[in-house]
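Let me begin by presenting the structure, written as structure tokens, before commenting on it.
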Amino acid sequence: MNTKTEFPDAGYYDGFGGQFVPELLMPPLIELEEAMQSVLPSQAFQEELAEVLQDYVGRPTPLYRCRNLSKRLGFDLWLKREDLAHTGAHKINNTIGQALLAKHMGKRCLLAETGAGQHGVATATAAAMLGMECIVYMGAKDVQRQAHNVHRMRLLGAKVEAVDSGTQTLKDAISATLRHWIRDQATAHYCIGSVVGPHPFPALVRDLQSVIGTETIAQCQKKMGGLPDVVLACVGGGSNAMGMFHPFTDYPEVRLIGVEAAGSGEEGCTHSATLSQGTEGVLQGARTYLLQTQAGQILPSHSVAPGLDYPGVGPEHVAFMTSGRAEYVCVCDDVALEAFYTLSRDEGIIPALESSHALAYAMALQGEIPSGSRVVVTLSGRGDKDLGIVREREGAAETKA
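Residue numbers 1 to 401, in the UniProt record's numbering, belong to the letters of the sequence shown in order.
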């Protein structure tokens, strides 16, 4: 990761981001920014983080060429295997870094929100390793959809709080966590799970996740003899995508594609395509793109992938979109599920439903990009957590048939 965080001007990325929070939240945000400037770049912290990432998380994660799919597609499809990191997703890169920083700041408790459950598991894991208390907020709907991960969090010693308000998904879990942080900012750190929220969180999470893109560039140079032509990642809040994309900002010849969730794909359906179909507004402490009514009320979101089920997106992604540095497209539930089955059967890898959206769009590039192109997809997590959702949809399809 970068040894020193480069903050955007006043916490804004081309006008997006900032700190739209109650006065009561400013002290912990200022404290966090000061720690990022003093503790994070220190040699002692960087050495400790590097050791933990290597020996505990299992980095670097492999860059794998899909042998069978590459033959069929006519281009080289590579996977950055974040699913092989400890706990099974990229989330651990961020939580380990934030937990270490919180420990240096004298905090005793980690607060977290989670949708797919992977961030909750990763935070609970980091807290257990460092001997910290952990409280995870989760929408009541997601508690049901991700029962396996809820059990994992509790095994790791975390307390899981189900949120019954609103749509009972990630948005409501984030709001509940912010309220807790206001009450307990002296001893608790909010270990936010994506590149969202008020400044400085988007920069902190981006820098901790940039290990994904940094490793990928080095691995591409070694395995391909150069950079890839196209890089894709799924986008909900956008942490795995920004972690992959940001190190490529100095390489404009590499095409960056973020893939959002289009829900059922039917006209007027509920979806999570914030960048593709959202509008500018303020959500959970930052100016960004979000799903809202003309009156500014937040609309419900949906995706078959719980980790993409969020009505907002990280502000730096908006800047990438408006500057043209990255393209943002969307894929519907059924197409993502087809990619889920394809990778499982053709390569022996069961992907997370979130990652399946990016995989689906990568496969759709067949015929659009030149033969022999080199395409890298971030496999942000493994699909074990989603088997309940897949079985449920299979059962519904059999009943309908």
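Beta carbons are placed, not taken as given, at the ideal position from N, Cα and C, and that holds for glycine.
Residue environment, residue i, which counts as buried when at least 16 other CB atoms sit within 10 Å
| i | result |
| --- | --- |
| Tyr251 | exposed |
| Ile30 | exposed |
| Lys400 | exposed |
| Cys332 | buried |
| Thr3 | Interpretation of Thr3 is limited by its pLDDT of 49, a score under 50 that renders its predicted location unreliable; no figure is taken from the coordinates. |
| Arg59 | buried |
| Ala102 | buried |
| Met242 | buried |
| Lys385 | buried |
| Gly381 | buried |
| Leu256 | buried |
| Lys141 | buried |
| Gln54 | exposed |
| Cys330 | buried |
| Arg179 | exposed |
| His151 | exposed |
| Ala50 | exposed |
| Glu267 | exposed |
| Leu24 | exposed |
| Ser239 | buried |
| Gln297 | exposed |
Nearest neighbour of residue i, chosen from the options [CA to CA]
| i | options | result |
| --- | --- | --- |
| Val390 | Ser344, His119, Arg374 | Ser344 |
| Gln144 | Leu170, Asp207, Cys134, Ile182 | Leu170 |
| Pro306 | Leu178, Tyr64, Gly237 | Gly237 |
| Phe75 | Arg374, Glu394, Asp83 | Arg374 |
| Pro200 | Ala10, Val304, Arg393 | Ala10 |
| Val335 | Gly258, Gly314, Ala262 | Ala262 |
| Thr187 | Ser210, Asn149, Met105, Pro351 | Met105 |
| Thr177 | Phe245, Ala44, Phe320, Val136 | Val136 |
| Arg154 | Ser175, Cys220, Ala124, Met132 | Ala124 |
| Pro41 | Ser70, Tyr341, Gly296, Leu204 | Leu204 |
| Leu130 | Asn240, Lys107, Tyr289 | Lys107 |
| Leu84 | Pro370, Ile349, Thr214 | Ile349 |
| residue 402 | Glu47, Ala89, Pro300 | Here the chain covers residues 1 to 401 and nothing more, so residue 402 does not appear. |
Beta-carbon spacing of residue i, residue j below 8 Å
| i | j | result |
| --- | --- | --- |
| Cys234 | Ala358 | yes |
| Lys80 | Ala122 | no |
| Ser355 | Leu379 | yes |
| residue 402 | Ser276 | Since the first residue of the chain shown is 1 and the last is 401, residue 402 is not available in this structure. |
| Arg206 | Glu316 | yes |
| Gly120 | Ala127 | no |
| Asn94 | Gly193 | yes |
| Gly314 | Val195 | yes |
| Gly197 | Val163 | no |
| Ser99 | Cys220 | It should be pointed out that residue 99 corresponds to Ala in this sequence rather than to Ser. Not in contact: Ala99 and Cys220 (Cβ atoms no closer than 8 Å). |
| Val39 | Ile96 | no |
| Ile174 | Pro22 | no |
| Phe16 | Arg287 | yes |
Where the beta strand (DSSP E) through residue i begins and ends
| i | result |
| --- | --- |
| Met138 | 133 to 139 |
| Val57 | Premise fails: Val57 is in no beta strand (DSSP E) and is neither H nor E. |
| Ala188 | 188 to 190 |
| Leu111 | 109 to 114 |
| Thr378 | 374 to 379 |
Endpoints, alpha helix (DSSP H) assigned at residue i
| i | result |
| --- | --- |
| Arg67 | 67 to 73 |
| Lys80 | Note, Lys80: premise wrong, no alpha helix (DSSP H); beta strand (DSSP E) at 76 to 81. |
| Thr123 | 118 to 130 |
| Arg345 | 333 to 347 |
| Leu387 | 387 to 400 |
| Ala102 | 91 to 104 |
| Pro315 | 315 to 323 |
| Thr177 | 170 to 183 |
- Task: Mind listing, in chain order, the continuous alpha helix (DSSP H) runs of no fewer than 4 residues lying wholly within the region 208 to 259?
- Result: Fully enclosed alpha helix (DSSP H) runs of 4 or longer: 211 to 223, 239 to 245.
- Query: Fully enclosed by the region 137 to 163, which beta strand (DSSP E) runs are 3 residues long or longer?
  - Reply: Segments of the beta strand (DSSP E) lying fully in the region 137 to 163: 159 to 163.
- Task: Could you name each continuous alpha helix (DSSP H) segment of 4 residues or more that falls completely within the region 260 to 301, going from the start of the chain to the end?
- Result: If only complete runs of 4 or more residues are kept, the region 260 to 301 shows the alpha helix (DSSP H) at 274 to 277, in order along the chain.
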